[in-house]
Amino acid sequence: MYFDDEIDRLYKRMSRSFMNLDEIFDEANKSGTIQSYGPFYYGYTMTAGPDGTPVVKEYGNVKPGQLPTSDIREPLVDTLVDEKEKVLTLVAEMPGVEKKDVKVVVEDKTVCIDAEHGKKKYHAKVPIKQKVNKDSAKASYTNGILELKFKLEEPEKPKGKTVEVQ
Numbered sequence: 020m021y022f023d024d025e026i027d028r029l030y031k032r033m034s035r036s037f038m039n040l041d042e043i044f045d046e047a048n049k050s051g052t053i054q055s056y057g058p059f060y061y062g063y064t065m066t067a068g069p070d071g072t073p074v075v076k077e078y079g080n081v082k083p084g085q086l087p088t089s090d091i092r093e094p095l096v097d098t099l100v101d102e103k104e105k106v107l108t109l110v111a112e113m114p115g116v117e118k119k120d121v122k123v124v125v126e127d128k129t130v131c132i133d134a135e136h137g138k139k140k141y142h143a144k145v146p147i148k149q150k151v152n153k154d155s156a157k158a159s160y161t162n163g164i165l166e167l168k169f170k171l172e173e174p175e176k177p178k179g180k181t182v183e184v185q
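What follows is the structure in structure tokens.
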């Protein structure tokens, strides 16, 4: 019986300590001394490439072992190639922003995606391995999903001259 009372007393004493910490953090957050950038996330996606080899990509706004240095998030971006329709599709998840907040710039073999609405800020630079027609780019944004489509260009045929062997 004495043992149970002692455990209860210790539990109540520890609980008061945690409750006080919550109150301290709430007050500091209200006063503006603590800046909240969260949520913080980091992950991997794994897909199969056209030749069947696995493709692993990292995403997130915090790398393992590092503290966040910015409140800008990196959206999850997936690249899909439809060889039959000759279309490259980029799909980016950016919840919490509106269509007017999204800016997409195509530079050489890179697509830069930026969006900002209130505290939600996104930025990603997506490399493009395929040759695409930049003028064919069409983007749509619905329910937090940006979909960007490009027409694939035909690969250039090697230019050369056949030399007759005598």
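In my numbering, the protein residues as written are 20 to 185.
From the three backbone atoms N, C-alpha and C, an ideal C-beta is built for every residue, glycine too.
Everything numeric in this text was worked out from a predicted model, so none of it was measured.
Here Y141 has R92, P94, M113 and A134 as same chain residues with Cβ atoms under 6 Å from its own Cβ, once five neighbours each way along the sequence are excluded. A distance below 7 Å between beta-carbons, with the five flanking residues on each side excluded, links V125 to the following residues of its chain, in chain order: K153 and A156.
With at least 16 other beta carbons inside 10 angstroms of its own, A143 counts as buried. Counting every other CB atom within 10 Å of its CB across the protein chains shown gives V184 a total below 16, marking it as exposed. Exclusion of the five residues before and after K76 leaves T64 as the residues of its chain whose Cβ lies within less than 6 Å of its Cβ. In the structure shown, I91 falls within a coil segment according to DSSP collapsed to helix, strand and coil. Distances from the CA of L99 to each of K148, K119, Y78 and V116 were compared; the closest alpha carbon is that of K148. The secondary-structure analysis by DSSP pairs L171 across a beta bridge with V151. The residues H136, G137, K139 and G163, in chain order, have a CB closer than 8 Å to that of G115 in the same chain once the five nearest residues on each side in sequence are set aside. Under DSSP, no beta-bridge partner is assigned to K138. Pairing G62 with E166, the inter-Cα distance amounts to about 21 Å. The residues K128 and T129, in chain order, have a CB closer than 7 Å to that of P146 in the same chain once the five nearest residues on each side in sequence are set aside. Between K119 and E172, the alpha-carbon positions lie close to 29 Å from each other. Under the criterion of beta carbons closer than 8 Å, Y160 and V121 qualify as touching, at roughly 5 Å.
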